[in-house]
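Visitor: Take this structure, written in C-alpha cells, and hold onto it; I'll ask about it next.
Protein chains in written order, with the numbering used here: chain B, 79 to 356; chain U, 79 to 356; chain S, 79 to 356; chain P, 79 to 356; chain C, 79 to 356; chain X, 79 to 356.
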C-alpha cells in the first residue's frame with residue numbers, strides 16, 4: 079500500500095519531573111535525540127522545532143502545566159502506518175528520559191533501552207500523566223478572536239492546552255459547554271487577543287486527548303486575571319473533575335504549556351551538533 | 079476534507095509605481111514579508127525565491143513590463159482551499175505596499191492593514207493593472223526550442239510573460255494564433271535560444287491571465303530585434319488591443335518581466351533577517 | 079494528469095573505471111552536477127546526499143563492488159511521468175562522465191553532450207555493467223536482524239547490494255533461496271549486526287535489478303569472514319552464474335557498495351559551490 | 079591610531095525584573111537586538127551566543143542569581159577605543175528594556191531611546207544591581223579542578239559568577255581568602271567536577287566586577303549541598319557584606335548565573351530572523 | 079615579516095557599460111568570482127557582501143553614478159603586502175569583464191585572462207573612469223548628522239560617493255571647502271537624515287580617490303532636491319572641474335552609488351553556488 | 079602577555095593503519111572530534127576543513143603517503159602559547175585513535191584518555207612515523223610554476239608532501255639540492271602544472287618536518303611518470319636515506335598526501351552533527 083499524502087502537525091509537551099533533571103534532559107535532546115530524529119524522518123518531515131516552555135504561572139499547576147518544552151513536527155505523511163515500521167537505526171532512548179520527563183516514577187527505572195514509539199506512549203496508567211503527543215491539522219480549525227493580529231502588534235504570551243472530557247462525558251456535550259460557556263466568556267475579556275482551537279486527530283496515534291486550544295495574553299498576570307480570577311463564575315459542570323476551572327483533572331484531562339512567539343531551535347535549519355560552551 | 083497533494087509553482091510579478099518607492103518596497107519585503115511568509119507556509123512550500131527584474135528594455139512598456147521582481151513559490155498543496163483559511167498570525171501588509179507596487183492609485187491610500195490574500199487580488203478594476211499572481215505546473219507543458227541548453231552555454235536573458243486574450247476571443251482561437259503565427263516566427267530567429275509555455279491554473283486563485291511563456295535571448299538588444307523589429311510582419315489579429323505586437327493591452331492582457339538565471343534570494347535557505355549595512 | 083504523491087528513495091552506485099578519473103569525476107559532480115541537480119529537482123526532492131564508497135575489501139570484486147560513491151535521493155513524486163518531461167535547463171553531462179564511471183568503454187567516447195536520463199540508463203548492453211539506478215520504498219520492507227541497534231552501539235561497516243536473479247529464474251524461486259538458504263546463514267553469524275532488504279520498484283525506471291539488501295559488520299575483515307569464508311557451504315544453486323557465493327554475475331547480477339554511517343555531503347543543506355583549496 | 083588585535087571574551091548577565099517581561103525581552107532580543115548587533119559588529123566579533131539561564135536554585139538569591147540569559151561575545155579587538163565610536167546605525171534600545179532587565183526601577187521609565195553603550199552601563203547607582211558586562215581573556219587563567227573532563231563525562235550544571243570585594247578590601251586580600259579558604263574547600267568536595275577562574279579586564283569598559291569564576295556540579299541539589307550547606311563552616315571574613323557565604327552583597331558584589339553546556343542560539347550561524355510559530 | 083593585524087573595509091563600485099552586459103556580469107560574478115574569491119581570502123576576510131546599485135536618479139550622471147553594485151569586504155589584514163603575493167589559484171578574470179564594467183573600451187578586448195589585481199587597477203588612463211577600489215577604516219571617522227538613527231526609523235536611501243580634488247588642489251584646501259561650504263549646507267536640509275565621511279587609505283592600494291562620504295535621504299526625489307536643486311547656491315570653487323555641483327569631474331574625480339539598507343548577498347554566509355532558475 | 083595576531087595555516091596528515099579502522103576513525107572524527115574542536119577554537123580559527131586523501135598511487139609508499147585525510151586549520155593566533163593552556167573541556171581522544179592512525183603500535187593500546195596536544199605529538203620514536211602536524215604561512219612562499227592557473231583549467235591532482243633532510247644535513251645543503259636538482263627537473267616536465275613550496279614554522283609546535291611542497295598533475299599516471307620514472311636520473315645525494323627518489327626515509331623524512339581540489343567538509347560552515355544514513 080502506497081503512503082498517502084497527509085500533512086499534519088504534531089505537538090509533544092515535554093514535562094520535567096524536577097529541576098535536577100533539566101540539563102540532563104537538554105543533554106539527551108540536543109546531543110542524541112535531535113540527530114537521531116533528523117536521521118530518521120528528514121525525508122518526510124518539513125519542520126521540526128523546539129519551543130521553550132515559559133515558567134509555570136501562578137496557579138498554573140491546576141491546568142496541568144508542563145515545564146520543559148513543546149516539540150513540534152510538520153509531517154507530510156502519517157508516520158504510524160505499517161509501511162513505516164522498519165527503522166534502519168532505532169533512537170537512543172534510555173529509560174531515564176521518561177523519569178526526567180515525569181512519565182514514569184522516579185524510583186522505578188532500570189537501564190533498559192526503549193524504542194521511541196513505546197516511550198512516546200508511556201504514562202497515564204501508572205499514576206503519572208500520560209506523555210502528551212497529539213496530531214492536529216496543519217491549519218487551526220476554528221478562529222474565535224484576533225484573526226487580524228500581526229507581528230507589529232507586539233509579543234504574545236500564548237497559552238496552549240490539550241484537553242479531554244472526563245470518562246462518560248460525550249464530546250458533543252463537552253464541546254457544547256466549551257463553546258457556549260467558556261469561549262464566549264474569554265472572548266469578551268479585553269486581555270485575550272487570540273482564540274484558536276482544533277480537534278486532535280486521535281486516530282493517528284491513539285492520543286488520549288481530544289482537543290487543542292490556544293489563547294493569547296499580554297503576559298502571565300493577565301492570563302491569571304482571565305483564566306483564574308475571571309473564570310470563578312463559570313458554572314461548574316456536573317461532570318467536573320476538580321473544584322475550580324478548568325474543572326478537568328490536571329495532567330490527565332488537561333495539559334498546558336505557556337509559550338512565546340518563536341522556537342528556540344528550528345532543528346532542520348539550525349541544529350549544528352553538540353557544540354559546547356568554552 | 080483532507081488536503082490533496084498538488085505540487086504547483088506560483089509566479090508573482092512585483093511592479094514599482096515609481097523609483098521613490100523601490101527601497102521602501104525592499105524594506106517591507108525583507109524586514110517583514112519574507113519572515114511572515116516563511117512563518118506561515120514553511121511546512122508546505124518547498125521553494126520560495128526572489129528574482130530581480132532586469133531594467134525595462136527599449137519598448138518594453140508595451141509588453142506590460144514590471145520593474146521590481148519575480149516572487150516564486152513551489153507549493154506541495156493548494157493554499158486556497160477551505161482547510162487553509164485560518165492563519166495564526168496574519169501578514170503585516172500595509173496598504174502602502176499596494177501603492178508602491180502600482181496596484182492602487184498613489185493618492186488613494188489610507189493606513190489600513192490588509193490581509194495578504196485580499197492584497198494579492200488587488201488592481202485590475204481601478205484603472206491599474208491587476209496584481210499578477212499565477213499558479214502553473216511544476217514542469218513546463220510545452221517546449222518549442224532549445225531543450226538541450228545547459229549552464230555551459232552561457233548566461234541567458236529571459237523574457238517571461240503572462241497573457242490573456244482580449245474579451246470575447248476564445249482561448250483556442252488565441253492559441254491557434256500564438257502557436258501558428260507567433261511561436262514559429264520566433265522559433266526560426268537564431269537569436270532565440272529557448273521557447274517554453276504552459277497554461278495558467280486559473281482555477282486555483284482566479285488569476286486573470288491564461289498562459290505563461292518564456293523566451294531566451296542573448297540580451298536586451300537581441301530581444302528588441304526579435305520581439306519589436308522582427309515582429310512587424312506578424313499580421314495584426316482582428317481582436318488586437320494595441321496597434322503593434324504583442325497586440326494585447328499592456329499591463330492588462332500582457333505582463334512581462336526580464337530575468338537572468340538566478341534568484342537574488344532563495345529565501346528558505348538564504349534569508350537571515352534584517353542585517354543592515356554598516 | 080495531476081502528479082501523485084509517491085515518496086521514494088533512489089540509489090545510484092557510482093563506479094570508477096580507473097584511479098586516473100577519480101578527481102575528474104569529483105570535479106564534475108561538485109562543480110556542475112550538484113548545482114544542476116538542485117536547480118532541477120529542489121521543489122520535489124527532500125534529501126539528496128553523497129556517501130563515499132569505502133575501498134573494495136578483499137574479494138569484493140566478485141560482488142560487483144563499485145569504487146566511487148552512493149548517490150541517494152528522497153523524492154516526493156515519481157520523476158519519470160510524462161508531466162515531468164520538460165526541463166528548463168538540461169544537465170551538463172559530457173559523455174566522458176560515463177567513461178569515468180565505467181559505463182561505456184574507455185576508447186569509445188566522442189564529445190557528445192548527453193541528457194541526464196539517457197546517461198543514467200547506459201551500460202549493460204555494451205560489455206560493461208549497467209548504471210545502477212534503483213528506486214526503493216522510503217522504509218525498508220523486511221528487517222531480519224538488529225532492529226534495536228542505536229548510534230551508541232558504535233560505527234557500522236555497511237554492505238549494501240542490489241541483485242537480480244539470472245535470466246530464467248523466477249523471483250519467487252530466487253527469493254526462496256535467499257530467504258531460506260542465505261539470510262538464515264548470515265543471521266546466525268555473530269559478526270552480522272543488521273540485515274535489511276526491500277524489493278526494487280522496477281516499474282519506475284525499468285531498473286535491471288530486483289532487490290536491495292543491507293548487512294552490517296564490524297569492518298572489512300569481519301565482512302570477509304562472513305561473506306566469503308562462512309558462505310563456502312552455501313550450496314551452489316542450479317542457476318549459479320559464478321562458481322562461488324554470491325553465485326550471481328559480478329556487476330551484472332549483483333552490484334555492491336561498502337558504506338559507513340554518514341554522508342560526506344548532504345547536498346541540499348551543505349553544498350556551497352566550488353570553493354577550492356587554497 | 080590603528081586598531082590592535084585584542085582577542086577577548088565578554089559576558090553579559092541578563093536578568094529579568096518579573097515574569098511578565100520574559101517574552102517581551104525575548105521579543106526585543108530576537109526581533110531587533112540580534113540583527114542590530116550582527117549588523118554592527120559582524121566584521122570583528124568571531125562568536126556571539128545566547129545561553130539560557132537555568133531557573134534560580136534554592137537559596138540562589140543570595141548569590142545574585144540572574145534569571146534570563148548569558149550573552150557571550152568573542153571579540154578580535156577592543157570595541158571601546160576612540161576609533162570605534164561612530165556607528166552607522168545605532169541599536170534600537172528602548173528604555174523599557176532596562177526596566178525588563180531590572181536595571182532601572184519599574185516606575186521610572188519614559189519612552190526614551192538609548193544608545194546601547196549607555197544602556198549597558200546602567201544600574202548600580204539607583205538601588206538596583208548594575209548591568210553585568212565583563213570582558214575576560216579568551217582562555218581561563220586558572221584551572222583548579224577537572225582539567226581532564228570531556229563531553230563523554232556527561233552533562234554539566236555550571237555555576238558562573240562575577241564578584242568584587244567590598245569597598246576597602248584590597249584585591250590581594252580578597253583573593254587570598256578566595257584562594258586559601260574558599261577554593262580549597264570546594265576542591266575537596268566530590269560533587270564539584272570543575273573549578274576555573276579569571277580576572278576581569280576592568281580597563282576595557284570599567285566593569286564594576288573584579289573576577290569571574292566557574293564551578294560545575296551534577297545539578298542544583300548538589301550545588302546547594304556544596305555552596306550553601308558545606309560552606310557554613312567557611313569563616314566569615316571581617317569585611318563580609320552579608321551574614322552567610324558568599325559574604326558578598328547579592329547583586330552588587332556578586333552576580334551568578336546557572337548554565338548548561340550549550341548555547342540556545344549561536345547567533346552568527348543560527349539566527350534566521352523573526353520566524354514566528356504558526 | 080609577519081602579517082600585521084589591520085582591520086579594514088574595502089569598497090568596489092562596479093559599473094556597467096551597457097544593459098546588454100548586466101546579466102553577463104552577474105553570471106561571471108556569481109558563477110565564478112564569488113567562489114574564486116572565497117577560496118582565496120576566506121581565512122582573513124570577515125565579511126564579503128554585494129549591494130545592488132539602485133537605478134541612477136535624475137541628474138545622477140554628473141555625480142559619476144555607477145549602475146551595477148557595491149562589493150564590500152572587511153579584511154583582517156592588508157592583502158597587498160609582499161607576504162600575500164602567491165595565490166594557489168588565480169581568479170578566473172577574462173578581459174571581457176573589464177569591458178562589461180566600463181573600465182576598458184568596448185572595442186579593444188582580446189581573449190586575454192587577467193590576474194585579479196591587475197584588473198582591479200584598470201581604467202583611468204584610457205579615457206574611461208578608473209576601477210573604484212578603496213580601502214577605508216572599519217568605523218566611519220566623522221559623523222555630522224543622524225547618529226541616533228535606528229532601524230525603527232524606516233528605510234534609507236543612501237548616497238555613497240568617493241571623491242578626489244582636482245590636480246593641484248591641496249587636500250586641506252579641498253576639505254576646507256567640503257567641511258565649511260558643503261556639509262553645513264546639507265546638514266541644515268531637513269531631508270538629509272545622516273552624514274558620514276572618512277578618508278580613504280590610499281597607501282594600501284594606491285587608490286586614486288581621497289575621501290568617501292555617505293548621506294541618507296528619503297528617496298531619489300529628496301536626494302535630487304537636496305543635491306541638485308539646493309546646491310545651486312554653493313559657490314563654484316576656483317578649481318571646479320565641471321560647471322555645477324559637485325564641481326568635480328564625473329567618473330574621475332567623483333564616483334557615486336545609490337544604495338538601500340541591506341546586501342542582496344552576504345557571500346560568506348549566503349552563497350550556495352550557481353543554482354539556476356527552473 | 080597579550081595574544082599576538084599570527085595568521086597561520088596548519089596541516090595534519092591523518093594516516094590509517096589498516097582498512098578495518100577507516101569507518102571507526104571517521105566515526106570518531108565526525109561524531110566527537112569536529113564538535114569538540116569547534117567548541118574549543120571557534121573564536122580564533124577562521125577555517126577548519128577536511129580533505130579526503132586520494133588512494134595511494136603506484137609506488138606512493140616510498141613517499142610516505144598517508145591514506146586518510148588532510149585536516150587543515152587557519153589560525154588567527156598561535157594556539158601554543160602559555161595563555162592558551164587552560165581548556166574548559168578537553169577533547170575526547172581515546173588512545174585507540176592513535177592506533178587507527180598508525181601513530182602507536184596496534185598491540186600496545188590501553189583505554190587511556192589522552193589530551194589532544196599529547197596525542198598530536200605522538201609517534202616518531204616508537205618505530206612508527208610521527209603524527210604530521212605542521213604550521214605554515216597563510217600564503218605559499220615560493221611559486222615555481224603555474225601561477226596563472228584558474229578553475230577553468232580543469233581538475234587538479236595535487237601531490238603535497240612535507241620533508242626534512244636526514245640527520246646531519248644542513249637545511250641550506252638540502253635546499254640547494256632541492257632547488258637546483260629537483261625542482262628544475264620537475265619544472266621542465268610538461269605534465270607538472272604547478273609547483274609551490276614553503277618552510278614549515280617549526281618554532282610553533284616543534285614539528286619534525288622542515289618544508290612543505292605541492293606539485294600538481296593530471297592524475298596518478300602522470301604523477302608516476304614524473305615522480306617515479308622521470309626522477310631516475312636525479313643523482314642520489316650522499317646523504318640519501320633510501321635508494322630511490324625522493325632519497326628520504328619514507329614516513330619519517332617524507333610524508334605525502336594526494337588531494338583533489340576541494341574539501342569534503344568545510345567544518346565551520348558545513349558540519350551539522352552526527353546525522354546518520356537512514
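Note that the Cβ used here is the ideal one computed from N, Cα and C, for glycine as well.
At a Cβ cut of 7 angstroms, what residues of the segment 104 to 119 of chain B count as close to chain X, listed as they run along the chain?
Guide: Residues passing the 7 angstroms Cβ filter: 113, 116, 117 and 118.
Visitor: Comparing C-alpha positions only, which one of P:151, P:145 and P:307 sits nearest to residue 85 of chain P?
Guide: With distances taken between Cα atoms, residue 85 of chain P lies closest to P:151.
Visitor: Using a Cβ-Cβ cut-off of 8 angstroms, state whether residue 214 of chain X counts as contacting chain P.
Guide: It does not: the Cβ of residue 214 of chain X has no partner Cβ on chain P nearer than 8 angstroms.
Visitor: Using the beta-carbon of each residue, which ones in chain C are nearer than 7 angstroms to residue 153 of chain S?
Guide: Near residue 153 of chain S there are no residues of chain C at all, since even the closest Cβ is about 16 angstroms away, more than 7 angstroms.
Visitor: By Cβ distance below 8 angstroms, which residues in the same chain neighbour residue 353 of chain C in space, the five residues on each side in sequence not counted?
Guide: Excluding sequence neighbours, residue 353 of chain C sits near nothing in its chain.
Visitor: Counting only runs that start and end within the segment 254 to 301 of chain P, where is the alpha helix (DSSP H) found for 4 or more residues in a row?
Guide: For the segment 254 to 301 of chain P, whole alpha helix (DSSP H) runs of length 4 or above, ordered along the chain, are 261 to 265 and 280 to 283.
Visitor: Taking residue 116 of chain B as part of the alpha helix (DSSP H), name the residues at either end of that continuous run.
Guide: Run containing residue 116 of chain B: 112 to 119, per the alpha helix (DSSP H) assignment.
Visitor: Using a Cβ cut-off of 8 angstroms (strictly closer), state whether residue 256 of chain X contacts chain C.
Guide: Chain C, which has no Cβ nearer than 8 angstroms to the Cβ of residue 256 of chain X, makes this no.
Visitor: Just by C-beta distance, which residues in the segment 176 to 196 of chain U are closer than 9 angstroms to chain B?
Guide: Taking 9 angstroms as the Cβ-Cβ cut-off against chain B, the residues of the segment 176 to 196 of chain U that qualify are 191 and 193.
Visitor: Just to confirm the assignment: which complete beta strand (DSSP E) runs, minimum length 3, are found wholly within the segment 133 to 206 of chain B?
Guide: With a minimum length of 3 residues, the continuous beta strand (DSSP E) runs that stay inside the segment 133 to 206 of chain B are 147 to 153.
Visitor: Determine the closest residue to residue 204 of chain P out of P:190, P:185, P:191 and P:162, with distance taken between C-alpha atoms.
Guide: The shortest Cα separation from residue 204 of chain P among P:190, P:185, P:191 and P:162 belongs to P:185.
Visitor: Helix, strand or coil: which one does DSSP assign to residue 221 of chain U?
Guide: Residue state, collapsed to three classes: strand.
Visitor: Helix, strand or coil: how does DSSP classify residue 311 of chain B here?
Guide: Note: residue 311 of chain B maps to helix in three-state DSSP.
Visitor: In chain X, what lies closer than 9 angstroms to residue 352 of chain S by C-beta?
Guide: Going along chain X in sequence order, the residues near residue 352 of chain S (Cβ under 9 angstroms) are 229, 339 and 340.
Visitor: Residue 332 of chain X to residue 241 of chain X, Cα distance in whole Å?
Guide: Rounded to whole angstroms, residue 332 of chain X to residue 241 of chain X spans 4 angstroms at the Cα level.
Visitor: Are residue 290 of chain P and residue 273 of chain P closer than 8 angstroms when you measure CB to CB?
Guide: Cβ distance not < 8 angstroms, so residue 290 of chain P and residue 273 of chain P don't count as in contact.
Visitor: I need the straight-line Cα distance from residue 228 of chain P to residue 110 of chain X, nearest angstrom please.
Guide: If I take the Cα positions, the gap works out to 10 angstroms.
Visitor: Determine, for residue 126 of chain C, whether the minimum Cβ-Cβ distance to residues of chain A falls below 8 angstroms.
Guide: The chain inventory of the structure shown lacks chain A, comprising the protein chains B, U, S, P, C and X.
Visitor: Which residues, in order along the segment 82 to 104 of chain C, keep a beta-carbon less than 9 angstroms from a beta-carbon of chain P?
Guide: Within the segment 82 to 104 of chain C, the residues whose Cβ lies closer than 9 angstroms to some Cβ of chain P are 82, 83, 84, 85 and 87, listed in chain order.
Visitor: Kindly indicate the opening and closing residues of the beta strand (DSSP E) around residue 337 of chain X.
Guide: Residue 337 of chain X -> beta strand (DSSP E) spans 332 to 337.
Visitor: If I'm right that residue 131 of chain S touches residue 147 of chain S with Cβ under 8 angstroms, what's the distance once you round it to whole angstroms?
Guide: Right, their Cβ atoms sit about 5 angstroms apart.
Visitor: Can you give me the Cβ contacts of residue 171 of chain P inside the same chain, cut-off strictly under 6 angstroms, excluding the 5 residues immediately before and after it?
Guide: Cβ within range, chain order: 192, 194 and 197.
Visitor: Helix, strand or coil for residue 236 of chain S per DSSP?
Guide: Reduced to three states, the DSSP call for residue 236 of chain S is strand.
Visitor: Is residue 356 of chain C closer than 8 angstroms to residue 351 of chain S when the C-beta atoms are compared?
Guide: No, these two residues do not count as a Cβ contact at 8 angstroms.
Visitor: Confirm, please, whether the CB-CB distance from residue 276 of chain U to residue 215 of chain U is below 8 angstroms.
Guide: In contact: residue 215 of chain U and residue 276 of chain U (Cβ atoms closer than 8 angstroms).
Visitor: Beta-carbon of residue 250 of chain S versus every beta-carbon of chain U: anything under 8 angstroms?
Guide: Output row for residue 250 of chain S: interface = no.
Visitor: Would you mind working out which of S:244, S:314, S:283 and S:237 sits nearest residue 338 of chain S, comparing C-alpha positions?
Guide: The shortest C-alpha separation from residue 338 of chain S is found at S:237.
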